[in-house]
Amino acid sequence: MTKAFWKESIVYQIYPRSFCDSNGDGIGDIQGIISKLDYLQELGVDLIWLSPVYESPNLDFGYDVSDYLNINPEYGTMKDMDELLLECEKRGIRIIMDLVINHTSDQHQWFIKSKQKDPVYRDYYIWKDKPNNWSGFFSGTTWEKYEDAYYLHLFLKEQPDLNWHNPKVLEEVKEIMHFWLKKGIAGFRCDVINVIYKTSLENGKKRIALTGKEHYHSQDGCHDILKTLRRDVINHYDAFTVGETVLVTVEQANDLIHPSRGELDMVFSFEHMETDQINNKWFKTKFKPEKLIDTLIKWQTGAYWNANYLENHDQPRSVSRFGDDKNFHYESATALMAMLLTLKGTPFIYQGQEIGMKNGDFKSMEDYKDPETHRIEALMKRLHFPKALRTRLIHKTSRDHARMPIPWTKEGGFSISKPWIQMNDKMGTINVETQIEDKSSIWNQVKKLIEIRKSHETLIYGTFEPIYHRHGLFVYERTLDQEKFHIVINLTNRFIKLPIEIKGSILWSNQPLDMGNKMIKPYQAIISIES
Ligand code: ISL
Ligand code: CA
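So this note's numbering is basically just the index in the sequence shown, starting at one, shifted up by 1.
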């Protein structure tokens with residue numbers, strides 16, 4: 002296993018709009034991020050994944066880019082961005098940025114010219130004389146009529162898909178990547194990167210969701226593009242890529258990340274994040290920890306390398322989804338973090354996860370800001386779902402749970418004015434100030450877990466071996482040379498009789514250990530070491 006900085010890093014994802022507001026307009030910004038770099042360094046963060054800060058009309062809050070080479074004025078200026086890069090470098094913190102190249106904003110100059118049938122830019126996008134039957138990620142049609150033709154958009158109609166059959170698009174994207182890599186970023190998180198190449202525009206097999214995906218999901222043409230981008234761009238820098246790869250299997254992931262492929266370094270898979278739903282993320286089932294655990298084991302043992310995550314800007318909060326944010330908030334948040342920080346693969350922490358931020362209580366549809374949430378609710382209404390059912394389904398899954406501002410102080414501390422989206426009220430101890438003060442807080446436990454991971458190569462490069470996993474109890478070992486870590490995670494709200502001995506000396510637990518009767522507490526996590 003070759004060593005690499007991106008395998009050893011603790012990664013922290015920042016969703017800039019909701020991280021920290023420095024100029025009192027209620028919107029997070031780059032200066033706000035700069036003001037929190039010492040906080041991130043104190044936590045033990047080595048690498049930041051910065052969600053888009055490029056110019057954007059914000060229909061999809063930055064995932065609709067109108068200029069890849071300029072900064073959204075709401076977030077600051079290129080001067081601010083250069084300062085952020087410098088301040089990160091001073092602290093030995095690397096930054097990767099979001100590469101959103103499946104589509105642009107409809108306000109991008111390329112699309113404006115393409116709509117005008119400019120001969121150079123017309124074929125930067127995918128135009129057809131009539132729609133096919135494909136359905137989009139945000140539901141509904143994927144074709145929008147403009148004058149005498151239709152253009153493809155797998156997401157919002159304001160996010161026209163780029164035409165990756167066009168070599169000029171490839172050249173443009175190479176330039177964008179060089180621009181940012183020359184500024185010193187350490188690579189990219191590549192947005193929906195395994196759907197960018199559409200092999201054909203034929204009708205798809207009718208499906209409940211994503212009709213047509215067989216024509217663009219994990220196509221050979223996509224592999225060719227990724228090989229070219231690595232050969233012509235990434236390989237010229239000390240940089241890496243992590244792809245967001247929807248619907249990817251372990252085999253498809255290995256086809257993207259194995260070093261022999263020369264494509265991506267890591268991928269975010271979704272299989273473990275789909276263990277609490279029925280075929281579609283909007284229909285959640287009762288969470289069964291054993292399903293999550295079994296899927297994690299499948300990826301831990303099957304994938305060449307993993308990008309481990311339990312949250313991001315698109316997902317509900319993990320303590321509310323996989324833990325118990327009412328009766329065992331501290332216990333389940335710290336158990337989930339212990340799992341994230343001892344599994345094999347690069348750990349990605351999402352902003353607020355380190356203090357156990359939980360899902361919000363959005364009182365009405367007006368409180369939600371995410372376009373996907375509103376489109377899905379409108380679809381449910383068209384399908385005559387009763388209001389109570391719509392409210393419940395939307396609340397379970399909306400991406401806005403992840404987009405509530407970070408509470409830096411007991412009073413809130415995100416901004417001096419009304420934030421662009423509501424704060425999570427009834428925060429109680431769920432704020433940074435309180436948790437840094439409280440030595441036994443989630444924050445301090447996460448800091449300790451990061452220290453444990455970073456001071457033991459076994460947790461980075463050691464093998465992963467499942468020892469026991471039933472009924473929500475997850476026991477596994479990490480081994481490197483003579484050092485062996487034993488990790489026990491109880492992902493249930495029940496006392497469980499341990500079926501195995503705790504081996505070695507206890508290094509860490511989130512709760513006092515009185516193992517007289519060998520019973521492990523609800524959401525208890527234990528790390529022990531033998532060397
Ligand atoms: O939330 C999801 C995962 O289940 C998907 O609906 C998500 O939209 C999909 O994975 C793609 O996400 C990425 O591309 C979108 C953007 O809205 C998301 O924020 C981004 O993560 C379009 O750029
Ligand atoms: Ca601001």
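Don't be surprised by glycine CBs; every beta carbon is placed ideally from N, CA and C.
No experiment lies behind these values; they were computed from the predicted model shown.
How far does the beta strand (DSSP E) with M98 in it reach, from first residue to last? Locating residue 98 in the sequence shown gives position 97, counting from the first residue. Taken as a continuous stretch (DSSP letters only), the beta strand (DSSP E) holding M98 covers R95 to L100.
Is the stretch 337-357 touching the stretch 303-316 in the sense that three or more CB pairs, one from each, lie closer than 8 Å? The answer is yes - the stretch 337-357 touches the stretch 303-316, with three or more Cβ pairs under 8 Å.
Can the beta-carbon of A403 be found less than 8 Å from the beta-carbon of H330? Along the sequence shown, read from residue 1 onward, the residue named residue 403 stands at position 402. Along the sequence shown, read from residue 1 onward, the residue named residue 330 stands at position 329. It is not a contact, given that the beta carbons lie outside the stated cut-off.
Kindly confirm or deny that the stretch 58-65 and the stretch 95-112 touch, where touching means at least three C-beta pairs closer than 8 Å. The stretch 58-65, when compared against the stretch 95-112, does touch it at the 8 Å Cβ threshold.
Go through its chain and collect everything with a Cβ distance to K292's Cβ below 6 Å, but skip five positions before and after it. Here residue 292 is taken as the residue at index 291 of the sequence shown, counted from 1. Here K292 has T276 as same chain residues with Cβ atoms under 6 Å from its own Cβ, once five neighbours each way along the sequence are excluded.
Tell me, to the nearest whole angstrom, how far the beta carbon of S23 is from that of Q14; I am working on the premise that it is less than 8 Å. As a working note, residue 23 is residue 22 in the sequence shown. As a working note, residue 14 is residue 13 in the sequence shown. 19 Å between Cβ atoms; not a contact.
For S321, the first and last residue of its enclosing alpha helix (DSSP H): Taking the first residue of the sequence shown as 1, we reach residue 321 at position 320. It spans S319 to R322 - the alpha helix (DSSP H) in which S321 sits, taken as one unbroken run.
Check whether the stretch 150-161 and the stretch 47-61 are in contact - that is, three or more C-beta pairs closer than 8 Å. yes
Have a look at E452, D439 and G324 and flag the residue whose alpha-carbon is nearest the alpha-carbon of N494. Counting from one through the sequence shown, the residue named residue 494 turns up at place 493. N494 has its Cα closest to that of G324, out of E452, D439 and G324.
Nearest-angstrom Cα distance between S10 and D266? The residue you call residue 10 lines up with position 9 of the sequence shown. The residue you call residue 266 lines up with position 265 of the sequence shown. Roughly 14 Å separates the two Cα atoms.
Where are the beta strand (DSSP E) runs, 3 residues long or more, that stay fully inside the stretch 61-147, in chain order? Taking only runs of at least 3 residues, the beta strand (DSSP E) segments lying wholly in the stretch 61-147 are 68-72, 95-100 and 144-147.
Can you find the residues in the same chain that come closer than 7 Å, C-beta to C-beta, to S1, ignoring five residues on each side of it along the sequence? The shown model of the chain, from 2 to 532, leaves out residue 1, and the question about it has no answer.
Identify whether T302 lies in helix, strand or coil by the three-state DSSP scheme. Taking the sequence shown and counting its residues from 1, one reaches residue 302 at position 301. Correct three-state label for T302: helix.
Should K268 and I258 be called a contact, given that it needs their Cβ atoms to be closer than 8 Å? Counted from its first residue, the sequence shown places residue 268 at position 267. Counted from its first residue, the sequence shown places residue 258 at position 257. The residue you asked about is not Lys; residue 268 is Val in the sequence shown. Yes. Within cutoff.
Assigned exposure category for G473 - 16 Cβ within 10 Å defines buried: By 1-based counting over the sequence shown, the position of residue 473 is 472. The residue is buried, with at least 16 neighbouring Cβ atoms inside 10 Å.
Which same chain residues end up closer than 7 Å to I279 when comparing Cβ atoms and leaving out the 5 residues on each side of it in sequence? Here the question's residue 279 lines up with position 278 in the sequence shown. Same-chain partners within the cutoff: T286.
For H1, which residues of its own chain have a beta-carbon under 7 Å away from its beta-carbon, when the five flanking residues on both sides are left out? In the structure as shown, the chain begins at 2 and stops at 532. Residue 1 is therefore absent and cannot be evaluated.
Relative to ligand 1, is the shortest distance from any of its heavy atoms to the C-beta of F138 smaller than 7 Å? For the purposes of this step, residue 138 is identified with residue 137 of the sequence shown, where counting begins at 1. Yes, the beta carbon of F138 sits closer than 7 Å to at least one heavy atom of ligand 1.
Would you say the beta carbon of V433 is closer than 7 Å to some non-hydrogen atom of ligand 1? Against the sequence shown, residue 433 aligns to sequence position 432. Flag unset: Cβ of V433 not near ligand 1.
Do you know how far the Cα of W135 is from the Cα of I294? Taking the first residue of the sequence shown as 1, we reach residue 294 at position 293. Taking the first residue of the sequence shown as 1, we reach residue 135 at position 134. Distance between the alpha carbons of I294 and W135 is about 34 Å.
Ligand 2 heavy atoms versus the CB of N73: any closer than 7 Å? Here residue 73 refers to the residue found at position 72 when the sequence shown is read from its first residue. Proximity of the beta carbon of N73 to ligand 2 is not indicated: no heavy atom of the ligand is located closer than 7 Å.
Residues proximal to ligand 2 by C-beta, any heavy atom closer than 5 Å: D22, N24, D26, I28 and D30
Report buried or exposed for F189, applying the criterion of at least 16 other Cβ atoms within 10 angstroms of its Cβ. By one-based count along the sequence shown, residue 189 stands at place 188. By the neighbour-count rule (16 or more Cβ atoms within 10 Å), F189 is buried.
Beta-bridge pairing of G244 - partner residues as DSSP gives them: Locating residue 244 in the sequence shown gives position 243, counting from the first residue. DSSP, once it has assigned bridges, lists C191 and V268 as partnering G244.
Near ligand 1: R318 beta-carbon under 7 Å from a heavy atom: What you label residue 318 is simply residue 317 of the sequence shown in a count that begins at 1. False, no ligand heavy atom lies under 7 Å from that Cβ.
Mapping the DSSP letters down to three states, classify D149 as helix, strand or coil. Position 148 of the sequence shown, counted from the first residue, corresponds to residue 149. It is coil, neither helix nor strand.
Is the stretch 139-151 touching the stretch 74-90 in the sense that three or more CB pairs, one from each, lie closer than 8 Å? no
Excluding the 5 residues flanking I507 on each side, which residues of the same chain have their C-beta closer than 8 Å to its C-beta? Position 506 of the sequence shown, counting from 1, holds the residue named residue 507. So the qualifying residues of the chain are L514, I527, I528 and S529.
For R95 versus L38, is the C-beta spacing smaller than 8 Å? By 1-based counting over the sequence shown, the position of residue 95 is 94. By 1-based counting over the sequence shown, the position of residue 38 is 37. Taking 8 Å as the Cβ cut-off, R95 and L38 do not qualify as a contacting pair.
Thinking C-beta only, is I28 closer than 8 Å to Y55? Your numbering for residue 55 matches position 54 in the sequence shown. Your numbering for residue 28 matches position 27 in the sequence shown. Against a cut-off of 8 Å, the Cβ pair of I28 and Y55 comes out as no contact.
Assuming the contact rule is C-beta atoms closer than 8 Å, N511 and T335 should be a hit. Round their C-beta distance to whole Å, please. Position 510 of the sequence shown, counted from the first residue, corresponds to residue 511. Position 334 of the sequence shown, counted from the first residue, corresponds to residue 335. Right, the Cβ-Cβ distance comes to about 4 Å (below 8 Å), so this counts as a contact.
Along the chain, where does the alpha helix (DSSP H) containing V251 start, and where does it finish? The residue given as residue 251 occupies position 250 in the sequence shown. Element bounds for V251: V251 to I258.
State yes or no: is the C-beta of E203 within less than 8 Å of the C-beta of N133? Looking up residue 203 in the sequence shown gives position 202. Looking up residue 133 in the sequence shown gives position 132. Yes, the pair counts as a contact, with Cβ atoms nearer than the cut-off.
Which same chain residues end up closer than 8 Å to D1 when comparing Cβ atoms and leaving out the 5 residues on each side of it in sequence? Shown here, the chain extends from 2 to 532; a query on residue 1 therefore has no answer.
How many whole angstroms separate the CB atoms of Y462 and M2, which I take to be in contact at a CB cut-off of 8 Å? Counted from its first residue, the sequence shown places residue 462 at position 461. Counted from its first residue, the sequence shown places residue 2 at position 1. Yes, Y462 and M2 are in contact; Cβ-Cβ is about 6 Å, under 8 Å.
Buried or exposed by the 16-neighbour rule on C-beta atoms within 10 Å, applied to N328: Along the sequence shown, read from residue 1 onward, the residue named residue 328 stands at position 327. Answer is exposed; the Cβ neighbour count stays below 16.
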